[in-house]
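Student:
Residue numbers (my numbering), protein chains in the order written: chain A, 41 to 185; chain B, 212 to 381.
Structural data, given as structure tokens:
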């Protein structure tokens, strides 16, 4: 076997290779001092890092984390409530700004115009006026879709 | 001694509003997360904040149990640390010019004595894989999940990071 790449050796060192690759590299290492030295370098990195003291969080921070559940939940609920309020406000504003379809499209009926303007077509007697209104409504004018 | 509750049970407890489940997660993972955050941010106060934000994010995050809770927390933490780095970079650009990559000779000698200082000389990407592997013992698959990277990228970054660290302390 040729020398494995250092990247492969690194994965070998971490025991992250499939068994077949691992066996091939193990066999190579028996007879290759150079690759063995590279592995020793990796081990030195581990040893160096392992000997360093890990940083510790402050007592105050640990206490803050432990007691942060309720404030964080309440903050989440407040954010959700704010979003819902904003959404509701948008729905109301849009519904007020856009007139309903029926209101926008229903043209005033003849009898409505006549009531306002005093159209000459309207009969002169109450019976004639009533017949005129019935005829106008029968024609579909003034019905709400 | 009673068994530790499973990750799923802890997350179910959090969903029910169970404060003790949350505290258990802080006890089990808080210091571990801080160790990673401190190395990634290089600042204790920022690391403590990053852990706090991670714990807060956990309350609304979707944990599907595809990885361990610890791996899931680390993935949230790495994102928080990246946000902090981005904010800090923006702020530093406003207040002062970028610092040179290499310190002075005296600084380099001191750095050899201090692992944290050595790690600071690596890029954030190389530092995070080295810390996750060497200090936290995470597997390649766990790191790949936490960092949302292909496993091959983890492998090559880790190898390069080891090489760079070795050169730095020679």
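The beta carbon of each residue, even a glycine, is placed where N, CA and C say it ideally should be.
Cα separation between residue 54 (chain A) and residue 335 (chain B)?
Tutor: Rounded to the nearest angstrom, the two C-alpha atoms are 21 Å apart.
Student: Contact defined as beta carbons within less than 8 Å: I believe residue 379 (chain B) pairs with residue 326 (chain B). What is the distance between those atoms, to the nearest angstrom?
Tutor: At roughly 10 Å, the Cβ-Cβ gap does not stay under 8 Å, so residue 379 (chain B) and residue 326 (chain B) are not in contact.
Student: Note down, in chain order, every chain A residue with its Cβ under 9 Å from the Cβ of residue 333 (chain B).
Tutor: What residue 333 (chain B) touches in chain A: nothing, since even the nearest Cβ is about 12 Å away.
Student: Taking any Cβ of chain A, which residues in the stretch 251-279 of chain B have a Cβ under 8 Å from it, in chain order?
Tutor: Within the stretch 251-279 of chain B, the residues whose Cβ lies closer than 8 Å to some Cβ of chain A are 255, 258, 259, 262, 263, 266, 267, 270, 271, listed in chain order.
Student: Taking the alpha carbon of residue 284 (chain B) as the point to measure from, which residue in B:353, B:250, B:340, B:224 has its own alpha carbon closest?
Tutor: Of the listed residues, the one whose Cα sits closest to residue 284 (chain B) is B:353.
Student: Along chain B, in chain order, which residues have C-beta atoms closer than 8 Å to that of residue 56 (chain A)?
Tutor: Within 8 Å Cβ-Cβ: 350, 351, 366.
Student: With distances taken from CA atoms, which of B:332, B:381, B:360, B:291 is nearest residue 248 (chain B)?
Tutor: The shortest Cα separation from residue 248 (chain B) among B:332, B:381, B:360, B:291 belongs to B:291.
Student: Is it buried or exposed for residue 131 (chain A), if we count other Cβ within 10 angstroms and need 16 for buried?
Tutor: Its Cβ having fewer than 16 others within 10 Å, residue 131 (chain A) is exposed.
Student: Helix, strand or coil, according to DSSP, for residue 222 (chain B) in the structure here?
Tutor: Here residue 222 (chain B) sits in helix by DSSP.
Student: Out of curiosity, what's the CA-to-CA distance linking residue 296 (chain B) and residue 42 (chain A)?
Tutor: Between residue 296 (chain B) and residue 42 (chain A), the C-alpha separation is close to 42 Å.
Student: With 16 other CB atoms within 10 Å as the buried threshold, where does residue 231 (chain B) fall?
Tutor: Exposed, by the Cβ-count rule.
Student: What residue range does the alpha helix (DSSP H) around residue 78 (chain A) cover?
Tutor: 73-91 is the extent of the alpha helix (DSSP H) around residue 78 (chain A).
Student: Taking all protein chains shown into account, do 16 or more other C-beta atoms lie within 10 angstroms of the C-beta of residue 136 (chain A), making it buried, or fewer, making it exposed?
Tutor: Label assigned to residue 136 (chain A): exposed.
Student: Give a yes or no on whether the C-beta atoms belonging to residue 244 (chain B) and residue 294 (chain B) are separated by under 7 Å.
Tutor: In this structure, residue 294 (chain B) does not lie closer than 7 Å to residue 244 (chain B) by Cβ.
Student: Relative to chain B, which residues along the stretch 60-88 of chain A have a C-beta separation below 8 Å, given in chain order?
Tutor: Those would be 81, 82, 84, 85, 86, 88, in chain order.
Student: State the Cα-Cα distance for the pair residue 255 (chain B) and residue 63 (chain A), rounded to the nearest angstrom.
Tutor: The straight-line gap from Cα to Cα measures roughly 43 Å.
Student: Please go through the same chain and pick out, in chain order, the residues whose beta-carbon is closer than 7 Å to the beta-carbon of residue 351 (chain B), but skip the five residues on each side of it.
Tutor: Hits under 7 Å: 362, 365, 366.
Student: Between the Cα of residue 371 (chain B) and the Cα atoms of A:104, A:81, A:109, A:111, which residue gives the shortest distance?
Tutor: Nearest of A:104, A:81, A:109, A:111 to residue 371 (chain B), Cα basis: A:81.
Student: With distances taken from CA atoms, which of B:278, B:279, B:369, B:262 is nearest residue 106 (chain A)?
Tutor: Checked all of B:278, B:279, B:369, B:262; the closest Cα to residue 106 (chain A) is B:262.
Student: Does any CB atom of chain B fall closer than 7 Å to the CB of residue 42 (chain A)?
Tutor: Answer no: the Cβ-Cβ gap between residue 42 (chain A) and chain B never drops below 7 Å.
Student: Looking at the structure shown, is residue 50 (chain A) part of a helix, part of a strand, or coil, going by DSSP?
Tutor: Here residue 50 (chain A) sits in helix by DSSP.
Student: Buried or exposed: residue 236 (chain B), going by 16 or more other Cβ atoms within 10 Å of its Cβ?
Tutor: Answer is buried; the Cβ neighbour count reaches 16.
Student: Residue 271 (chain B) and residue 357 (chain B) - do their beta-carbons sit closer together than 7 Å?
Tutor: No, they are not a contact pair.
Student: Count the other C-beta atoms from every protein chain shown that fall within 10 angstroms of the C-beta of residue 279 (chain B), then say buried if there are 16 or more, exposed otherwise.
Tutor: Exposed, by the Cβ-count rule.
Student: Quick check: the Cα distance between residue 311 (chain B) and residue 369 (chain B), rounded to an integer number of angstroms?
Tutor: For residue 311 (chain B), the predicted structure reports a pLDDT of 44, less than 50, and the residue's modelled location is therefore unreliable. A value from the coordinates is still provided. Rounded to whole angstroms, residue 311 (chain B) to residue 369 (chain B) spans 24 Å at the Cα level.
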